[in-house]
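Residue numbers (the UniProt record's numbering), protein chains in the order written: chain A, 1 to 156; chain B, 1 to 156. Shown next, in structure tokens, is the structure this report addresses.
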DNA sequence: AAATAACCGTTGTACTATACAACTGAAAGC
DNA sequence: GCTTTCAGTTGTATAGTACAACGGTTATTT
């Protein structure tokens, strides 16, 4: 299949770019409906915090290519909702380690479940193989983006 | 290859969900940097207008699952920038047909080029086959999302 | 050790994208 | 002709985001 019809790279890149944009918008809208209590980004960050217990705000900023102010506010929001706890690290008084609370874990699980259901609904007729490959592509891309010296050029 | 290690669907779906979100956010941020003059959504809409000459605002709203007010403002912005023209349709005085202007076409081409370049930079070591497959996955996903009776439930 | 730099997080400000609701004007149905 | 429906605009509100300026803290340099 690789042989005959070399699909033009540019066309593919263009599609990826545009579809992704469409996806982003829809994802946000959909997420807002599915779980109005836990906005999309908060959800993502909370999930990260849950996985990487004790991570710092700066980690989140780095990982998601977000400004620290954004993260600061997001985390503040999560704290206000009672979903995360911020504790000063004992060794370094600059940093705060982040932990999900009981409620945080609970709401996260709930959100994950319903979001998963929503996704599953649209992915139900995908083969496991396609799903795995799609997931792998996304990971590959994101890893590349995170480590590449690309356009987030912190200070140029 | 499908045989042995059935990758758990749920894990893949979860990855897809999260990475897609991260991906989308980064794409937006990157796009904003690459072409500050033509914000991401405007860009997308302009591209659509360029492709579907003479489309109406309502079409855009339907296609991108956006509220008409959003489209209205976006189009107004594009017009203010001199990138699209709005003309009343002769047969139906409610509708306005949208056309890209000279400048619109120009800026769109430029944006496409540089955005492409940005994406290419991160996708350069992907095979054309992988790109095509990735693009196809995104299309497939978005089409499913657009036609599914899922959560944009216009009035519930 | 004092001065300087680097780092972490917060806060002020501004802007984009978005939705919902209320409204205007036009067309279609009864 | 009145009412409903449709296309688009405008008012208002909210999320998410960035950048810049700041306040503490730790690390480095001299």
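Just so you know, even glycine gets a beta-carbon here, dropped at the ideal spot from N, CA and C.
- Close partners of residue 44 of chain B in chain A (Cβ separation under 8 Å): 18, 21 and 22.
- Cβ-Cβ distances below 6 Å link residue 75 of chain B to 57 in the same chain, with the five nearest sequence neighbours on each side left out; the list follows chain order.
- Residue burial is scored here from C-beta neighbours: residue 52 of chain A has fewer than 16 other C-beta atoms within 10 angstroms and is therefore classed as exposed.
- Boundaries of the alpha helix (DSSP H) around residue 73 of chain A: 68-80.
- One Cα belongs to residue 11 of chain B, the other to residue 19 of chain B, and the distance between them is close to 12 Å.
- Judged by DSSP secondary structure, residue 98 of chain A falls within the beta strand (DSSP E) whose first and last residues are 96-100.
- Residue 15 of chain A and residue 138 of chain B do touch by the CB rule: their CB atoms are close to 7 Å apart, below 8 Å.
- In this structure, B/65 is the residue among B/91, B/65, B/130 and B/9 with its C-alpha nearest to the C-alpha of residue 142 of chain B.
- As DSSP reads the structure, residue 85 of chain B sits in a beta bridge with B/99.
- Within chain A, the residues placing a beta-carbon under 8 Å from that of residue 130 of chain B are 137, ordered along the chain.
- Counting other Cβ atoms within 10 Å of its Cβ, residue 122 of chain A reaches 16 or more and is therefore classed as buried.
- Remark: fewer than three beta-carbon pairs, one from each stretch, lie closer than 8 Å, so the stretch 85-92 of chain B and the stretch 33-48 of chain B are not flagged as touching.
- The beta-carbon of residue 97 of chain B is placed no less than 7 Å from the nearest beta-carbon of chain A.
- Annotation: residue 90 of chain A has no Cβ neighbours in chain B at a cutoff of 9 Å; minimum Cβ distance is about 31 Å.
- The beta-carbon of residue 106 of chain A is placed no less than 7 Å from the nearest beta-carbon of chain B.
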